[in-house]
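All remarks here apply to the structure that follows.
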Amino acid sequence: MAETTEEMGKAAELLQKVARPLINLIVAVIPIVINCTTTCYKFYKKLPIVCVHLIIGFIMCFFGGLYPTVFAAIQAAEHGGLATMKKALIDLSEEVMVIIEENKKDNEVDADGDGKSDVDQISSQEFVRRKVSLVLRKMNPQRVNDAIASLYKTWLSVLAVLTIEFARTIALALTIADFVRKFMNRWVAPTIEKATPVEYKKWVPILVDWICKGIGVSLAWRIQTVISAATSAMAGGLIISRAILLLVAKGKDHNDTRADEAASYIFAGAGFYFQYYVGFKAPFPLNLVLWPLDIAESYIRWSITKRT
1 MAETTEEMGK
11 AAELLQKVAR
21 PLINLIVAVI
31 PIVINCTTTC
41 YKFYKKLPIV
51 CVHLIIGFIM
61 CFFGGLYPTV
71 FAAIQAAEHG
81 GLATMKKALI
91 DLSEEVMVII
101 EENKKDNEVD
111 ADGDGKSDVD
121 QISSQEFVRR
131 KVSLVLRKMN
141 PQRVNDAIAS
151 LYKTWLSVLA
161 VLTIEFARTI
171 ALALTIADFV
181 RKFMNRWVAP
191 TIEKATPVEY
201 KKWVPILVDW
211 ICKGIGVSLA
221 WRIQTVISAA
231 TSAMAGGLII
241 SRAILLLVAK
251 GKDHNDTRAD
261 EAASYIFAGA
271 GFYFQYYVGF
281 KAPFPLNLVL
291 WPLDIAESYI
301 RWSITKRT
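Given below as structure tokens:
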């Protein structure tokens, strides 16, 4: 018991030491992210509608298969409370900026007048307590609570739509898992049981089941990725070709020509080939910028298939 308490104390001390640089990193990065996002959104709103169509078409054509559930979630959010989610994110970002500004002021406090900031002269434990107290005093809890509740409600509605939209993928994952399980139970599991000590044999069926489900889910989502890449490439290619038609031949209706449809096949082929060439994953250096989408894609897929 004493050893456990000592280990927990060491872990807490290590966490407190890490907290100082981690907080400083977060304080430095978050304003940059918020400002960049705000600037990009303002720039996006000022773009002509044709340019907006080009951007949307390009993203769908060349990246639709890389993040199928993310794009599906955005489409679902548009019908399930995108305005509410936008307001909630704005409220949270404003509260975060308030805390960051107050943190900057707190870092400059020199109560004893020795020429050094007080935060540079306190222990890691006192530093954590001071910053937690700062957040509790300066944050508006009701506003944050309302924003988080709005985001959660929107997410639940989006998740419900995605579960229905990707029901075939879930069914396919279960079908593949059942097929693999029959093979594993007949040919692999008996061999594993023979090589497993008696006291651990009870884990063999569980591990086999996990492996089968993992294989089923992986293959099902791989197939879905290919399907999404093909459909998004075709849809995005048509959007690109029609946007270019509007730019080149102003005032010309796409119904009066077949050029847009012919060009869409070229764009669709290029878009699908690009996604296939990169293995349906963002290539370097785009992966350094798009890693949040990778995390979001993995989380959404897990949320949809966690009950399989």
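Residues 1 to 308 (the numbering used here) make up the sequence shown, in order. Just so it is clear, CB atoms sit at the ideal spot from N, CA and C, and this is done for glycine as well. Owing to the predicted nature of the structure, the values given are computational and were not obtained by experimental measurement.
Cβ-Cβ separation between residue 220 and residue 172: approximately 4 Å, consistent with a contact (criterion under 8 Å).
Exclusion of the five residues before and after residue 58 leaves 236 and 240 as the residues of its chain whose Cβ lies within less than 8 Å of its Cβ. In the DSSP assignment, residue 52 falls within the unbroken alpha helix (DSSP H) covering 49–63. Between the segment 207–216 and the segment 170–185 there are three or more inter-stretch CB-CB distances shorter than 8 Å, so the stretches are counted as touching. Contact between residue 284 and residue 229 does not hold, since the beta-carbon distance rounds to 19 Å and is not under 8 Å. Around the CB of residue 131, 16 or more other CB atoms lie within 10 Å, so the residue is classed as buried. When the beta-carbon positions are compared, residue 267 and residue 61 come within less than 8 Å of each other. If you ignore the 5 residues before and after residue 108, its C-beta comes within less than 8 Å of the C-beta of 117, all in its own chain and listed in chain order. Below 8 Å, too few C-beta pairs join the segment 189–200 and the segment 23–42 to call them touching: fewer than three.
If you compare the alpha carbons of 139, 243, 176 and 48 with that of residue 54, the shortest gap goes to 243. Boundaries of the alpha helix (DSSP H) harbouring residue 213: 204–248, taken from the DSSP string. The Cβ-Cβ distance between residue 99 and residue 128 does not fall below 8 Å. With 16 or more other Cβ atoms from the protein chains shown falling within 10 Å of its own Cβ, residue 177 counts as buried. Below 8 Å, too few C-beta pairs join the segment 289–305 and the segment 74–90 to call them touching: fewer than three. From the listed residues 257, 281, 189 and 269, the smallest Cα separation to residue 233 is found for 269. Residue 117 carries a coil assignment under DSSP once its states are collapsed to helix, strand and coil. Assignment of residue 110 by DSSP, reduced to helix, strand and coil, places it in the coil class.
Contact annotation: residue 150 and residue 84 have beta-carbon atoms nearer than 8 Å. For residue 139 and residue 95, the gap between their C-alpha atoms comes out near 6 Å.
For residue 292, the uninterrupted alpha helix (DSSP H) segment begins and ends at 286–305.
Of the residues assessed, residue 264 falls on the buried side of the cut-off, its CB having 16 or more other CB atoms within 10 angstroms. Residue 48 holds the alpha-carbon nearest to the alpha-carbon of residue 247 among 38, 37, 48 and 90. In summary, residue 224 is buried, with 16 or more beta-carbon neighbours lying within 10 Å of its beta-carbon over all protein chains present.
Per DSSP, residue 179 is one residue of the alpha helix (DSSP H) stretching across 167–183.
Counting the other CB atoms within 10 Å of its CB gives residue 170 a total of 16 or more, which places it among the buried residues. Taking 4 residues as the shortest admissible run, the segment 256–285 contains the following complete alpha helix (DSSP H) segments, listed from N- to C-terminal end: 259–277.
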